[in-house]
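If you're matching them up, the sequences are chains R and Y in order. Count the first sequence with numbering that gives the first Met the number 0 and you get residues 0 to 98, in order. Count the second sequence with numbering that gives the first Met the number 0 and you get residues 0 to 221, in order. Okay, structure first, notes after.
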Amino acid sequence: MNKSLKNFYLAFFFVALFLAGIISFYASSNPDGLEKVAEEIGFIDTAKDSAVANSPLSDYGVIGITNERLSVGISGVIGVVITAIVAFYLFKYLAKSKR
Amino acid sequence: MHIPDGFIDLPTSIAFTVVSTAAVGVALKQAKNELSEKTAPLAGLTAVFIFAVQMLNFPVAAGTSGHLLGGALAAVLVGPWVATLALTIVLMLQALLFADGGLTALGLNVFNISILAVWIAYFIFLTLKKLLPKTKLFLIASSAVAALISVPVSAFGFWVQYAIGGNATFPLETVLTAMISTHILIGIGEAIITVLTISAIMASRSDLVFGWKNTRRKLVTN
């Protein structure tokens, strides 16, 4: 891979890291479209907690970290890194297995 | 737009999981044709970027927020089969690690987002590309339209699932009207984020963009 392509990919990665790690704190905490519709019509009551609702990263926070900015930021960074590992390996494998 | 557990009954969730699993299986085979060693990192980054931006809920109307789905963005950047896989990775990790979207609802969410949003967006994008001049500006405009429409279509997917196996019994018309009207608004946000991202990538490395490469090399199959 040449240097300019590598730099482009690195820049793209750092933008994602910045968005998930820093900007995520400023996201709207209002219910999303589906949740809002479910609340207004009334079927929100049928929602059940996910089996992993008590997991350490549940709801984009890190268990035990009370500072909200840190909690959401660190969970975002962990999410970005794990997504990167899974996705890079899968797509690299698929690209190589073509031949 | 991530369906939690409980909204849709188990038989319907299982049926959609079977359909989604089959589609992802086909995508695993087909995606190879859209990937090269040069663009494989872009496919990975698309998943990473969509994960990050899905955290950024934006306000749409009083007391409501929305976030990017990324179907159009991924389909234009890396092709529809790779997009299906990228979105599926994101949805799986969100459900497993962040309890965002239910576990039994994963197949429902993969169907609405990784399949429906991606493929309707790609179909609209391809159709517009054939009709419009082959310029970067029109590519970006086509992506915007595809992004805008893909969100209410994805919401329509939820409505179909609710109609088949909703655990609540509220009138279907009420649910349909509310879902579509809310998600058209969210679709505007989807279009804006898609345009900003694709413009930035087209300006720096248009050679990597799937939807643009096909324009140049006339690889589009009719």
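C-beta atoms are modelled at their ideal positions from N, C-alpha and C, and glycine is treated no differently.
Exercise. In the DSSP assignment, what are the bridge partners of residue 134 of chain Y?
Worked result: Beta-bridge pairing links residue 134 of chain Y to no other residue.
Exercise. Is it the case that the Cβ atoms of residue 173 of chain Y and residue 22 of chain R are separated by a distance below 8 angstroms?
Worked result: no
For this session: Measure the CB-CB distance between residue 95 of chain Y and residue 61 of chain R and report whether it falls below 8 angstroms.
Result: no
Exercise. Which bits of chain R does residue 85 of chain Y rub up against, with CB to CB less than 7 angstroms?
Worked result: 86
For this session: For residue 34 of chain Y, collect the residues of the same chain with a Cβ closer than 7 angstroms to its Cβ; drop the 5 residues on either side in sequence, then sort them by chain order.
Result: 42 and 81
Problem set entry | Residue span of the alpha helix (DSSP H) that contains residue 64 of chain Y, given as start and end | It is not in any alpha helix (DSSP H) - residue 64 of chain Y instead sits in the beta strand (DSSP E) that spans 63–65.
Problem set entry | the segment 195–206 of chain Y: positions lying closer than 7 angstroms to chain R by Cβ | 203 and 204
Exercise. Applying the criterion that 16 or more other CB atoms from any shown protein chain within 10 Å of the CB defines a buried residue, is residue 168 of chain Y buried or exposed?
Worked result: exposed
For this session: Give me whichever residues DSSP pairs with residue 58 of chain Y in a beta bridge.
Result: Y/64
Problem set entry | Beta-carbon proximity list for residue 194 of chain Y, same chain, < 7 angstroms, skipping 5 on both sides | 139, 142 and 143
For this session: Mark residue 78 of chain Y as exposed unless 16 or more other C-beta atoms lie within 10 angstroms of its C-beta, in which case mark it buried.
Result: buried
Exercise. Using DSSP with H/G/I as helix, E/B as strand and the rest coil, what is residue 84 of chain R?
Worked result: helix
Problem set entry | For residue 7 of chain Y, three-class secondary structure by DSSP | strand
Exercise. Excluding sequence positions up to five away, which residues of its chain have a Cβ less than 7 angstroms from the Cβ of residue 19 of chain R?
Worked result: 75, 76, 78 and 79
Exercise. Near residue 151 of chain Y, what residues of its chain come up, given a Cβ to Cβ distance below 7 angstroms and the 5 sequence neighbours on each side ignored?
Worked result: 179, 182, 183 and 186
Exercise. Does residue 95 of chain Y have its Cβ less than 8 angstroms from a Cβ in chain R?
Worked result: yes
For this session: Flag this pair as yes or no: are the beta carbons of residue 156 of chain Y and residue 110 of chain Y separated by less than 8 angstroms?
Result: yes
For this session: Report the residue from Y/88, Y/122, Y/3 and Y/27 whose alpha carbon sits nearest the alpha carbon of residue 71 of chain Y.
Result: Y/122
Problem set entry | Three-way DSSP call (helix, strand, coil) for residue 206 of chain Y in this model | helix
Problem set entry | Distance, residue 0 of chain Y Cα to residue 99 of chain Y Cα | 10 angstroms
Exercise. How far does the alpha helix (DSSP H) with residue 41 of chain Y in it reach, from first residue to last?
Worked result: 39–53
Exercise. Looking at the unbroken alpha helix (DSSP H) that takes in residue 103 of chain Y, where does it start and where does it end?
Worked result: Note, residue 103 of chain Y: premise wrong, no alpha helix (DSSP H); not H, not E.
Exercise. Count the other CB atoms within 10 Å of the CB of residue 5 of chain Y; is the residue buried (16 or more) or exposed (fewer)?
Worked result: buried
Exercise. Helix or strand or just coil, what does DSSP make of residue 78 of chain Y?
Worked result: coil
Exercise. Can you tell me whether DSSP reads residue 31 of chain R as helix, strand or coil?
Worked result: strand
Exercise. Can the beta-carbon of residue 116 of chain Y be found less than 8 angstroms from the beta-carbon of residue 12 of chain Y?
Worked result: no
For this session: Taking 8 angstroms as the cut-off, decide whether the C-beta atoms of residue 25 of chain R and residue 54 of chain Y are in contact.
Result: no
Exercise. Of all Cβ atoms in chain Y, is any one closer than 8 angstroms to the Cβ of residue 32 of chain R?
Worked result: yes
For this session: Give the range of the alpha helix (DSSP H) segment to which residue 19 of chain R is assigned.
Result: 2–20
Exercise. Anyone know if the C-beta pair for residue 23 of chain Y and residue 87 of chain Y falls short of 8 angstroms?
Worked result: yes
For this session: Leaving out five residues on either side along the sequence, give the residues of the same chain with a beta carbon under 6 angstroms from the beta carbon of residue 113 of chain Y.
Result: 83, 86 and 87
Exercise. What are the residues of the segment 7–22 of chain Y that lie near chain R, defined by any Cβ-Cβ distance shorter than 7 angstroms?
Worked result: none
Problem set entry | Contact belief for residue 175 of chain Y with residue 82 of chain R at Cβ below 8 angstroms, rounded distance in angstroms | That belief does not hold up - the Cβ atoms of residue 175 of chain Y and residue 82 of chain R are roughly 33 angstroms apart, past 8 angstroms.
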